[in-house]
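Trainee: Under the working numbering, read the sequence shown as residues 7 to 165, first letter to last.
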Amino acid sequence: MRTIDFDFTPLYRSAIGFDRVAQLLESMNGGQAQSAKNGGYPPYNIELLDDNEYRITMAVAGFAEDELEIESREGALVVQGKKKADDTERKYLYQGIAERNFERRFQLADYVRVTGASMNNGLLHIDLEREIPEAMKPKKITIGGKVGDKKLLDAEVEA
């Protein structure tokens, strides 16, 4: 896959408040490099459970819970697997289970937070929820009354 490097300097110079978008685009371009570096390991799914609920499921066979670290920081979710050194010498005829360290990053949208994590049958489940602030939720506006009717406006605020 061919990657294209973009220069977002003109956007930084002329657009106010869009720096987050440029950073997101730059990180996505870097994310492709990360994916190529990790070879897609470990595989994962992203599920939409409800309108504002998501679940990331990662196949982490061979990792114990204490070898995994989940951290949410600066609008990103970082999952790391650090395999403990195994002093047992083994002679494999075929080794198909990858037992290597990894770091997987996910860019989180605004107002998305991690609500929990669990592990079951070699699958790591990370639950996420988007909490939209009350001020940003849609509100119904009733039609009626006279323009500037204080009683009507007070009733709307209490509702």
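All residues carry an ideal CB built from backbone N, CA and C; glycine is no exception.
Would the beta-carbon of A115 fall within 8 Å of that of R136?
Mentor: Here residue 115 is taken as the residue at index 109 of the sequence shown, counted from 1. Here residue 136 is taken as the residue at index 130 of the sequence shown, counted from 1. Yes, these two residues count as a Cβ contact at 8 Å.
Trainee: Taking the straight line between their C-alpha atoms, what separation do you get for Y117 and F69?
Mentor: Residue mapping note: residue 117 aligns to position 111 of the sequence shown, counting from 1. Residue mapping note: residue 69 aligns to position 63 of the sequence shown, counting from 1. Spanning the two alpha carbons is a distance of roughly 30 Å.
Trainee: Report the option in L55, E59, V66 whose CA atom is closest to the CA atom of Y46.
Mentor: Along the sequence shown, read from residue 1 onward, the residue named residue 46 stands at position 40. According to the sequence as given, residue 46 is Gly; it is not Tyr. Of the candidates L55, E59, V66, the one whose C-alpha sits nearest the C-alpha of G46 is V66.
Trainee: How long is the line joining the alpha carbons of Q86 and I76, rounded to whole angstroms?
Mentor: Against the sequence shown, residue 86 aligns to sequence position 80. Against the sequence shown, residue 76 aligns to sequence position 70. For Q86 and I76, the distance between alpha carbons rounds to 7 Å.
Trainee: Provide the residue span of the beta strand (DSSP E) that contains Y60, from first to last.
Mentor: Taking the first residue of the sequence shown as position 1, residue 60 is located at position 54. Unbroken beta strand (DSSP E) run through Y60: 59 to 65.
Trainee: Report the residue from R106, S78, D92 whose alpha carbon sits nearest the alpha carbon of T121.
Mentor: Counting from 1 along the sequence shown, the entry for residue 121 is found at position 115. The shortest C-alpha separation from T121 is found at S78.
Trainee: Could you give the DSSP three-state label for L114: helix, strand or coil?
Mentor: Start at 1 with the first residue of the sequence shown, and residue 114 comes out as number 108. Three-state DSSP puts L114 in coil, outside helix and strand.
Trainee: Using a threshold of 7 Å, is the CB atom of V85 nearer than that to any non-hydrogen atom of the ligand GTP?
Mentor: Questions concerning the ligand GTP fall outside what the structure shown contains, since it holds no ligand whatsoever.
Trainee: Tell me, please, which residues DSSP counts as bridged to R119.
Mentor: The residue given as residue 119 occupies position 113 in the sequence shown. According to DSSP, R119 bridges with E135.
Trainee: For the 8 Å Cβ check, are there 3 or more pairs between the segment 87 to 95 and the segment 107 to 114?
Mentor: Output reads yes: the segment 107 to 114 touches the segment 87 to 95.
Trainee: What does the alpha-carbon distance come out to for the pair E95 and R111?
Mentor: Working through the sequence shown from its first residue, we reach residue 95 at position 89. Working through the sequence shown from its first residue, we reach residue 111 at position 105. The alpha-carbon atoms of E95 and R111 are separated by roughly 32 Å.
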